[in-house]
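Enquirer: Quick note, the sequence shown lines up with residues 1250 to 1346 if you use my numbering.
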Amino acid sequence: MKIHIQTLDFTPKQDLIDLVNEKVEKLERFSDRIVESRVVLRVEKSEKRDNKICEVRVVIPGNDLFVSKKFESFEEGIHKVTDTLQRQLKEWKEKQG
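1. Please confirm whether Lys1257 and Ile1327 have their CB atoms less than 8 Å apart.
2. Given that a residue counts as buried once 16 or more other Cβ atoms are within 10 Å of its Cβ, and exposed if not, what is Val1330?
3. Which two residues bound the contiguous beta strand (DSSP E) that contains Phe1315?
4. Between Val1316 and Val1305, is the Cβ-Cβ spacing less than 8 Å?
5. Looking only at its own chain, which residues have a Cβ that is under 6 Å from the Cβ of Leu1338, when we skip the five neighbours before and after it?
In structure tokens, the structure reads:
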């Protein structure tokens, strides 16, 4: 699976990139049909503390899965977004039979 990471409005530290790769790679355990994953991390210009946006799209032939949420930190965001994708992948796999 290819993993594409795009960051907008900030420069990520290597620790964050490593965390994203680690968490997204684990999604392969739930389906061997994943072609690629696209991750977008961006900072929304806002006075609110939860201005970090994590978006992950998992590309599966015939059906992409997508999650986008706001958080106070990218680390929290990537954990929760990938947890949500794990649930979506399990549900998708059950529907496939």
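Yeah, the Cβ is synthetic: ideal placement off N, Cα and C, and Gly gets one too.
Expert: Reading off the structure:
1. For the purposes of this step, residue 1257 is identified with residue 8 of the sequence shown, where counting begins at 1. For the purposes of this step, residue 1327 is identified with residue 78 of the sequence shown, where counting begins at 1. Note on identity: in this sequence residue 1257 is Leu, with Lys being the wrong assignment. The answer is no: Cβ separation not under 8 Å.
2. Counted from its first residue, the sequence shown places residue 1330 at position 81. Buried is the call here.
3. Within the sequence shown, residue 1315 is the residue found at index 66, counting from 1. Per DSSP, Phe1315 belongs to the beta strand (DSSP E) from 1314-1320.
4. The residue given as residue 1316 occupies position 67 in the sequence shown. The residue given as residue 1305 occupies position 56 in the sequence shown. The answer is yes: Cβ separation under 8 Å.
5. The sequence position of residue 1338 within the sequence shown is 89, counting from 1. For Leu1338, where only same-chain residues beyond five positions count, the Cβ hits under 6 Å are Phe1279, Ser1280.
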